[in-house]
Structure formats: structure tokens, C-alpha cells
Amino acid sequence: MSLLTPDFGLLFWMTLSFGFVFGLLAKFGFPVITRMVDERKEYIRRSLDAADEANRRLEDIRQQSEAILLEAQDRQSEILKKATDDGNRIVNIAREQAAAEMKKQLSEAASRIEAEKQKALVDIRRQAALLSVDIAEKILRRELERNESQQALVERLLEEMESETAKN
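Just so you know, we're using our numbering here: the sequence shown kicks off at 81 and counts up by one.
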């Protein structure tokens with residue numbers, strides 16, 4: 081029965097050891113963890129700001145492309161007044177250039193937005209994984225705080241050790 085119930089000396093040294101390890105974690109571990117979480121938050125904030133900036137640029141590009149298209153339409157009407165044949169040719173060239181430039185700028189903006197989005201998602205997934213590990217650790221600690229859970233764990237480990245020694 082003495083294997084299952086710890087005496088006062090063991091409890092004292094276990095408490096002292098736990099206090100020492102907790103003190104080390106509080107002094108060196110927790111500040112690093114909180115700093116990393118703060119850095120992640122800042123990185124995600126910067127990524128979201130960059131995505132917002134890219135959206136603003138995309139809107140500016142869209143407005144510019146609309147302005148270019150309006151300008152091309154104005155040119156078209158002037159050229160049609162002067163010469164129908166030359167006007168049609170110049171309008172087609174202007175439209176193609178505007179469309180190509182618009183496609184190019186939209187493509188670049190969309191790829192930048194997608195890259196920033198992917199970076200933000202990766203960071204969020206990493207943080208979720210870290211939080212999951214922390215939650216699991218806390219649940220295990222809480223589960224092992226009950227005396228019955230500790231005894232069941234000790235009994236199971238002893239049975240496993242006995243079965244392993246019996247195999248050898």
C-alpha cells in the first residue's frame with residue numbers, strides 16, 4: 081500500500097521540485113511564449129493591413145482602367161468625326177492596350193492578395209496548433225489533479241511494466 085500512497089517527504093520534494101520548475105518557466109518560458117504570441121498578432125495585423133492596402137490599390141487600378149476606357153471612348157468619337165477608317169484602328173489599339181494593362185495589374189494585385197492571404201492563413205493555423213497543444217496540456221493537468229486519476233494511471237503503468245518484464 082505504501083507504493084500507492086506517498087509519504088510526507090516525497091510530497092515535500094515533489095512540491096519543491098514543482099515550485100522550482102514553475103519558477104523557471106515563469107521567469108524564462110512564459111515571457112518568451114507571450115512575446116511570440118504578441119509577435120504573431122503583430123505579423124497578422126501587418127498582413128491584414130497589407131491585404132487592405134492591396135484591395136485599395138486594386139480599387140484604384142479599377143478606377144484608372146475605367147478612366148482609360150472612358151478616354152478611349154472619347155478618342156473614338158473624335159477620330160470617327162475625322163476619319164472613320166483610321167478611328168476604328170486607333171480605338172482597337174487603345175482598347176487592347178487598356179485591357180492588357182488592366183489584366184496585368186489585376187493579375188499582379190490578385191496574386192499579391194492571395195500570397196498575403198496564404199501567409200495569414202498559415203500563421204493562423206500555426207497559432208491554432210499551439211493553442212490546441214496548450215489546451216491539451218491543461219486538460220491533462222486537470223485530469224491528473226484528481227487522486228483517482230493518478231491512482232488509475234499508476235496502476236495502469238505498473239501493470240504495463242509487469243507485462244513488459246514478463247515478456248523479457
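We put the beta carbon where it would ideally sit given N, CA and C, even for glycine. Only a predicted model underlies this, so the values are computations on that prediction, with no experimental measurement involved.
| Item | Value |
| --- | --- |
| At a cut of 8 Å, does the stretch 120-138 reach the stretch 183-196 through at least three beta carbon pairs? | yes |
| Where does E164 sit, in a helix, a strand or coil, going by DSSP? | Glu is not the amino acid found at residue 164; the sequence shown has Thr there. Here T164 sits in helix by DSSP. |
| Alpha carbon to alpha carbon, how far is A178 from S145? | 7 Å |
| Is T114 helix, strand or coil by DSSP? | helix |
| So, do the stretch 144-160 and the stretch 168-175 have three or more beta carbon pairs nearer to each other than 8 Å? | yes |
| Could you say if the stretch 122-131 and the stretch 148-156 meet the contact criterion of at least three C-beta pairs nearer than 8 Å? | no |
| Please classify D203: does DSSP put it in a helix, a strand, or coil? | helix |
| Hey, out of I219, D140, K218, whose CA is closest to M182's CA? | D140 |
| Would you kindly work out how many angstroms separate the C-alpha atoms of R120 and E242, rounded to a whole number? | 47 Å |
| Using 10 angstroms around the beta-carbon of E196, count the other beta-carbons present and answer buried if the total reaches 16, otherwise exposed. | buried |
| Helix, strand or coil for M81, going by three-state DSSP, please let me know. | Summary for M81: the model assigns pLDDT 48, below 50, so the residue's position carries little reliability; its value from the coordinates is reported in the next sentence. Residue state, collapsed to three classes: coil. |
| Helix, strand or coil: how does DSSP classify D154 here? | helix |
| Compute the Euclidean distance between the alpha carbons of Q207 and E194, then round it to the nearest angstrom. | 20 Å |
| If you reduce the DSSP assignment to three classes, tell me which class D87 lands in. | coil |
| Quick check: D203 and I124, are their CB atoms within less than 8 Å of each other? | yes |
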